[in-house]
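Visitor: Before we start, here is the structure in question, set down as structure tokens.
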Amino acid sequence: MTPSAGPIASSRSFLSRLRHGDEIAHLITFLFAASVVLVTVLLVFVLWQQSLLPRHKFGFDFFFTRVWDPVSEEFGALPFIYGTIVTTAVALLISVPLGLGAAIFLAELAPQKISDTLQFFIDLLAAVPSVIYGLLGIFVVVPVMRTVIEPALKNALGFLPFFQGPAYGIGFLTAGIVLAIMIVPYIISVSREILLAVPREQREAALALGATRWESTWKVVVPFARTGIMGSIFLAMARALGETMAVAMVIGNTPAISASLFSPGYSIAAVIANEFTEATGDLYLQALVELGLVLFLLTFLLNGIARLLIVATTQKGSKTAQV
Amino acid sequence: MSGRLRWRKFVSGFMLAMTGVCALVTVSVLFFVLGDLVVHGGTSINWNFFTKLPAPVGETGGGMANAIVGSAKLLALASLIGVPIGFLGGVYLAEFSGSTVAFVVRYAADLLNGVPSIVIGIFAYALLVLPFKHFSTIAGSFALGLMMIPITLRSTEQFLNGVPRALREGSMALGASKWKTIQAVVIPAAYRGILTAILLAFARVAGETAPLLFTALGNRYWSHGWNEPTASLPVVIYTYALSPYEDWHRQAWAAGLVLLGLILIINIVARAILSRGISVPRA
Numbered sequence: 001m002t003p004s005a006g007p008i009a010s011s012r013s014f015l016s017r018l019r020h021g022d023e024i025a026h027l028i029t030f031l032f033a034a035s036v037v038l039v040t041v042l043l044v045f046v047l048w049q050q051s052l053l054p055r056h057k058f059g060f061d062f063f064f065t066r067v068w069d070p071v072s073e074e075f076g077a078l079p080f081i082y083g084t085i086v087t088t089a090v091a092l093l094i095s096v097p098l099g100l101g102a103a104i105f106l107a108e109l110a111p112q113k114i115s116d117t118l119q120f121f122i123d124l125l126a127a128v129p130s131v132i133y134g135l136l137g138i139f140v141v142v143p144v145m146r147t148v149i150e151p152a153l154k155n156a157l158g159f160l161p162f163f164q165g166p167a168y169g170i171g172f173l174t175a176g177i178v179l180a181i182m183i184v185p186y187i188i189s190v191s192r193e194i195l196l197a198v199p200r201e202q203r204e205a206a207l208a209l210g211a212t213r214w215e216s217t218w219k220v221v222v223p224f225a226r227t228g229i230m231g232s233i234f235l236a237m238a239r240a241l242g243e244t245m246a247v248a249m250v251i252g253n254t255p256a257i258s259a260s261l262f263s264p265g266y267s268i269a270a271v272i273a274n275e276f277t278e279a280t281g282d283l284y285l286q287a288l289v290e291l292g293l294v295l296f297l298l299t300f301l302l303n304g305i306a307r308l309l310i311v312a313t314t315q316k317g318s319k320t321a322q323v
Numbered sequence: 324m325s326g327r328l329r330w331r332k333f334v335s336g337f338m339l340a341m342t343g344v345c346a347l348v349t350v351s352v353l354f355f356v357l358g359d360l361v362v363h364g365g366t367s368i369n370w371n372f373f374t375k376l377p378a379p380v381g382e383t384g385g386g387m388a389n390a391i392v393g394s395a396k397l398l399a400l401a402s403l404i405g406v407p408i409g410f411l412g413g414v415y416l417a418e419f420s421g422s423t424v425a426f427v428v429r430y431a432a433d434l435l436n437g438v439p440s441i442v443i444g445i446f447a448y449a450l451l452v453l454p455f456k457h458f459s460t461i462a463g464s465f466a467l468g469l470m471m472i473p474i475t476l477r478s479t480e481q482f483l484n485g486v487p488r489a490l491r492e493g494s495m496a497l498g499a500s501k502w503k504t505i506q507a508v509v510i511p512a513a514y515r516g517i518l519t520a521i522l523l524a525f526a527r528v529a530g531e532t533a534p535l536l537f538t539a540l541g542n543r544y545w546s547h548g549w550n551e552p553t554a555s556l557p558v559v560i561y562t563y564a565l566s567p568y569e570d571w572h573r574q575a576w577a578a579g580l581v582l583l584g585l586i587l588i589i590n591i592v593a594r595a596i597l598s599r600g601i602s603v604p605r606a
């Protein structure tokens, strides 16, 4: 009896130390959670390490050089950075008013049922994959742009440098419009939440002072939610910067800088998508990875700002509501 | 009524009407996209599309059987990678972790969620293609799985946190251990929400193209096993749409319709699961 008591007793205490698997579950779930952190750190490390060559060779000139010539191994990111900024700017110019308007309608005007139904459709719209937008972009939007919209813009606003040159259909403007359609759902969803979080008293106070419904919305509710709405715009901007397929399919893929929105260009994400598998030589490949690093840092920054702004507004809302 | 007031009322009505127009325009885009795909793609879908391999370049006919199977394989493996990590990581955040660790994990997940999909592709390429010197289903699945993690993780955490304290305490009071409580009470109470999140994550990566371009690459034939490059629906849509062949355009539309149909159905099912009364069973 005595000889066998030892191991059993010790195994029992070992089991009880495990508290019926609590510690095991803790450990296992911890390992999975830690792997998320590990993978993220690894991602940053890989991007940094795999872009060593161009970072050393070109330094900061990488961002200010217009030449992208794989044959003579000269790599400058300026045309891609320009294209990314221009398409994103066009996309925001279209999607911010459209998205904000729709969000105001959903949050302030529409009855709950209609608002929820429309929001459901907008969520579905956000689920449409990028490549589908690209497909429609090529076969539907590009012909319309070439034959109708770009000639019309040229006639009306041709004196501006943005609307000159031949209308190819593909180019900055088309890419910007397709991007705008893609990011509008994000602006609407987030802005609607923010607007709904604005305390009721704000509206009632404005209306009681004799403001019309629009005045109470535009001069009281929207300014109250301003930071949060800015947050939704930054969020959408981060999406637009990183958007690859749809842009690659309609922007024209030409590393050129041109003031005209009609001319074809290139974006950071599109050049990575198109040239990565064809990149010969380490420097070429790593220059593309460095572009990926740039994209990563930009979206990281924008997402960070967006989150701060959104959190700030929702807290502001709940604070005033409690007072 | 003074002229000024009448003007203000007019502006109010006009601007509010404009917001309605904005909402209508946005929502109509969805129906425009759907309608266009049905019109162009619907006529191109036939039995061959689902059962045949792509025809040789220049010939008409053929199908996308290999891309459909390729997508299924990619997504199955991606789910095997993304769902356990996201789910168990979420359980850790909601049930076990202290606040510092939770902050770090959450931060990492949010960071990962914001990374552009093309950059995820670069990462998978550097990790799983470069060292082995060939494109593979595994590399593509890794990239997609990575993208499923943040959504699954954050929603699991959120829905588990939403389970009332009283349920946990009731179970503990009956003498159940913490893990028993989580596994038999908390998770079942939150499973609808978690399932919805997993389905949405799945639908999101199902349409991803950018991370597959240089991980799974593409393949005009069957892909055997997990170590060969494989075709997938999104990448086929991309390459076919940019090709000069009329017949390929037709097939790109068909593939687009199939892909979008699949994604929208998953989305609708997921939301239906959630809205049919969430989680908390009446005790």
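For the protein sequence lines, the chains are R and B, in the order given. Take 1 as the starting number for the first sequence in my numbering and just add one per residue. Take 324 as the starting number for the second sequence in my numbering and just add one per residue. Beta carbons are placed, not taken as given, at the ideal position from N, Cα and C, and that holds for glycine. For clarity, every value in this text was computed on a predicted model and none was experimentally measured.
In this structure, does DSSP put B/Gly381 in helix, strand or coil?
Guide: Within the second sequence, the letter at position 58 stands for residue 381 of chain B. In this structure, B/Gly381 counts as coil in the three-state DSSP scheme.
Visitor: The ligand SAH heavy atoms versus the CB of R/Leu92: any closer than 8 Å?
Guide: This structure lacks the ligand SAH; in fact it carries no ligand of any kind.
Visitor: So which residues on chain B does R/Ala238 lean against when the C-beta distance must stay under 8 Å?
Guide: Here the question's residue 238 of chain R lines up with position 238 in the first sequence. R/Ala238 reaches chain B at Gly437, counting residues in chain order whose Cβ is nearer than 8 Å.
Visitor: Does the region 161-172 of chain R come close enough to the region 226-245 of chain R that 3 or more CB-CB pairs lie under 8 Å?
Guide: no
Visitor: Is the CB of B/Thr342 under 9 Å away from at least one CB in chain R?
Guide: Translated into positions along the second sequence, residue 342 of chain B becomes position 19. Output row for B/Thr342: interface = yes.
Visitor: Throw me the rounded Cβ distance for the B/Leu522 and B/Val592 pair, which I believe falls under 8 Å.
Guide: Position 199 of the second sequence, counting from 1, holds the residue named residue 522 of chain B. Position 269 of the second sequence, counting from 1, holds the residue named residue 592 of chain B. At roughly 7 Å, the Cβ-Cβ gap stays under 8 Å, so B/Leu522 and B/Val592 are in contact.
Visitor: Using beta-carbon positions only, say whether B/Ile472 and B/Pro534 come within less than 9 Å of one another.
Guide: On the second sequence, residue 472 of chain B is found 149 positions in, with the first residue counted as 1. On the second sequence, residue 534 of chain B is found 211 positions in, with the first residue counted as 1. Result no, Cβ atoms of B/Ile472 and B/Pro534 do not sit closer than 9 Å.
Visitor: Which residues of the region 468-479 of chain B have a Cβ closer than 7 Å to any Cβ of chain R? Give them in chain order.
Guide: For chain R, the residues of the region 468-479 of chain B that bring a beta carbon within less than 7 Å of one of its beta carbons are Leu469, Ile472, Leu476, in chain order.
Visitor: For R/Val131 and R/Glu204, what's the separation of their Cα atoms in angstroms?
Guide: The residue given as residue 131 of chain R occupies position 131 in the first sequence. The residue given as residue 204 of chain R occupies position 204 in the first sequence. Rounded to the nearest angstrom, the two C-alpha atoms are 45 Å apart.
Visitor: To be precise: take each residue of the region 392-418 of chain B, compare its Cβ to all Cβ atoms of chain R, and keep it if any distance is under 9 Å. Which residues remain?
Guide: Going along the region 392-418 of chain B in chain order, one finds Pro407, Ile408, Gly409, Phe410, Leu411, Gly412, Gly413, Val414, Tyr415, Leu416, Glu418 with a Cβ nearer than 9 Å to chain R.
Visitor: Can you tell me which of the three DSSP states R/Trp218 falls into?
Guide: In the first sequence, residue 218 of chain R corresponds to position 218, counting from 1. DSSP, read as helix, strand or coil, puts R/Trp218 in helix.
Visitor: Buried or exposed, going by whether 16 or more other CB atoms sit within 10 Å of the CB of R/Trp218?
Guide: Locating residue 218 of chain R in the first sequence gives position 218, where the first residue counts as 1. Looking at its Cβ environment, which holds 16 or more other Cβ atoms inside 10 Å, R/Trp218 is buried.
Visitor: If contact means a Cβ-Cβ distance below 8 Å, which residues of the region 526-539 of chain B contact chain R?
Guide: Ala526, Arg527, Ala529, Gly530, Glu531, Thr532, Ala533, Leu536, Phe537
Visitor: In the DSSP assignment, find the alpha helix (DSSP H) that holds R/Ser95 and state where it starts and stops.
Guide: Walking along the first sequence from the start, residue 95 of chain R turns up at place 95. Per DSSP, R/Ser95 belongs to the alpha helix (DSSP H) from 78-104.
Visitor: Taking B/Trp576 and B/Ser367 to be in contact with their CB atoms under 8 Å, please state how far apart those CB atoms are, rounded to whole angstroms.
Guide: The residue given as residue 576 of chain B occupies position 253 in the second sequence. The residue given as residue 367 of chain B occupies position 44 in the second sequence. The pair is a contact, with the Cβ atoms about 6 Å apart (cut-off 8 Å).
Visitor: Would you report the Cα separation of R/Phe262 and B/Val406, rounded to the nearest angstrom?
Guide: As a position in the first sequence, residue 262 of chain R is number 262, starting the count at 1. As a position in the second sequence, residue 406 of chain B is number 83, starting the count at 1. About 44 Å.
Visitor: Between the alpha carbons of R/Arg213 and B/Ser325, how many angstroms are there, rounded?
Guide: Looking up residue 213 of chain R in the first sequence gives position 213. Looking up residue 325 of chain B in the second sequence gives position 2. Between the C-alpha atoms of R/Arg213 and B/Ser325 there is a straight-line separation of about 18 Å.
Visitor: Indicate whether B/Ala554 and B/Asn389 have their beta-carbon atoms separated by less than 9 Å.
Guide: If you number the second sequence from 1, residue 554 of chain B lands on position 231. If you number the second sequence from 1, residue 389 of chain B lands on position 66. In this structure, B/Asn389 lies closer than 9 Å to B/Ala554 by Cβ.
Visitor: Taking CB distances under 9 Å as the criterion, tell me whether B/Ser335 reaches chain R.
Guide: In the second sequence, counting from the first residue as 1, residue 335 of chain B sits at position 12. At least one chain R Cβ lies under 9 Å of B/Ser335.
Visitor: Using the C-alpha atoms, what's the distance from R/Gly292 back to B/Ile445?
Guide: Taking the first residue of the second sequence as 1, we reach residue 445 of chain B at position 122. Taking the first residue of the first sequence as 1, we reach residue 292 of chain R at position 292. Each residue's Cα considered, the two are about 8 Å apart.
Visitor: Taking 7 Å as the limit between beta carbons, can you name the residues of its chain near R/Thr254, skipping five residues before and five after?
Guide: Working through the first sequence from its first residue, we reach residue 254 of chain R at position 254. Only Pro264, Gly265, Tyr266 meet the Cβ criterion.
Visitor: Are B/Val428 and R/Ala25 closer than 9 Å when you measure CB to CB?
Guide: Start at 1 with the first residue of the second sequence, and residue 428 of chain B comes out as number 105. Start at 1 with the first residue of the first sequence, and residue 25 of chain R comes out as number 25. Cβ distance not < 9 Å, so B/Val428 and R/Ala25 don't count as in contact.
Visitor: Could you check whether the Cβ of B/Trp444 sits closer than 9 Å to any Cβ belonging to chain R?
Guide: As a working note, residue 444 of chain B is residue 121 in the second sequence. Checking the sequence, you will find Gly at residue 444 of chain B rather than Trp. With 9 Å as the cut-off, B/Gly444 counts as an interface residue toward chain R.
Visitor: Once DSSP output is grouped into helix, strand and coil, what is the label at R/Phe224?
Guide: As a working mapping, residue 224 of chain R is identified with position 224 in the first sequence. Correct three-state label for R/Phe224: helix.
Visitor: Alpha carbon to alpha carbon, how far is B/Arg491 from B/Val509? Give it in angstroms, no decimals.
Guide: Mapped onto the second sequence, residue 509 of chain B falls at position 186. Mapped onto the second sequence, residue 491 of chain B falls at position 168. For B/Val509 and B/Arg491, the distance between alpha carbons rounds to 7 Å.
Visitor: Do B/Ile517 and B/Ser412 come within 9 Å of each other at the CB atom, strictly closer than that value?
Guide: Looking up residue 412 of chain B in the second sequence gives position 89. Looking up residue 517 of chain B in the second sequence gives position 194. Correcting the residue type first, residue 412 of chain B is Gly in the shown sequence and not Ser. No, Cβ-Cβ distance for B/Gly412 and B/Ile517 is not below 9 Å.
Visitor: Please decide whether B/Ala466 counts as near chain R, where near means a Cβ-Cβ distance under 9 Å.
Guide: Along the second sequence, one-based indexing puts residue 466 of chain B at 143. Answer no: the Cβ-Cβ gap between B/Ala466 and chain R never drops below 9 Å.
Visitor: Report the option in R/Pro54, R/Ile177, R/Ile187 whose CA atom is closest to the CA atom of R/Ile251.
Guide: Mapped onto the first sequence, residue 251 of chain R falls at position 251. Ranking the options by Cα distance to R/Ile251, first place goes to R/Ile177.
Visitor: Does the beta carbon of B/Ala524 come closer than 9 Å to any beta carbon on chain R?
Guide: Position 201 of the second sequence holds residue 524 of chain B. Taking Cβ atoms only, chain R never reaches closer than 9 Å to B/Ala524, which makes this a no.
Visitor: In chain order, what residues of the same chain lie with their CB nearer than 8 Å to the CB of B/Thr519, ignoring the 5 residues before and after it?
Guide: Working through the second sequence from its first residue, we reach residue 519 of chain B at position 196. Taken in chain order, the residues that qualify are Ser478, Ala593, Arg594, Ile596, Leu597.
Visitor: Taking R/Phe224 and R/Val198 to be in contact with their CB atoms under 8 Å, please state how far apart those CB atoms are, rounded to whole angstroms.
Guide: Residue numbering aside, residue 224 of chain R sits at position 224 when the first sequence is read from its first letter. Residue numbering aside, residue 198 of chain R sits at position 198 when the first sequence is read from its first letter. Yes, they are in contact, since the Cβ atoms of R/Phe224 and R/Val198 sit about 5 Å apart, within 8 Å.
Visitor: Can you look up B/Gly386 in the DSSP assignment and give me helix, strand or coil?
Guide: In the second sequence, counting from the first residue as 1, residue 386 of chain B sits at position 63. Three-state DSSP puts B/Gly386 in coil, outside helix and strand.
Visitor: Can you have a look at B/Lys607 and say buried or exposed, based on whether 16 or more other CB atoms are within 10 angstroms of its CB?
Guide: No statement about residue 607 of chain B is possible, as the shown extent of chain B runs from 324 to 606 and does not include it.
Visitor: Looking at chain B, is there any beta carbon in it that lies within less than 9 Å of the beta carbon of R/Trp68?
Guide: What you label residue 68 of chain R is simply residue 68 of the first sequence in a count that begins at 1. Chain B contact via Cβ: absent.
Visitor: Could you list which residues in chain B have their beta carbon closer than 9 Å to that of R/Gly292, in chain order?
Guide: On the first sequence, position 292 is the one that residue 292 of chain R refers to. By Cβ distance, chain B contributes Pro439, Ile441, Val442, Gly444, Ile445, Phe446.
Visitor: Determine which residues of the region 38-70 of chain R have a Cβ less than 8 Å from any Cβ of chain A, and write them out in chain order.
Guide: No chain A appears in this structure, whose protein chains are R and B.
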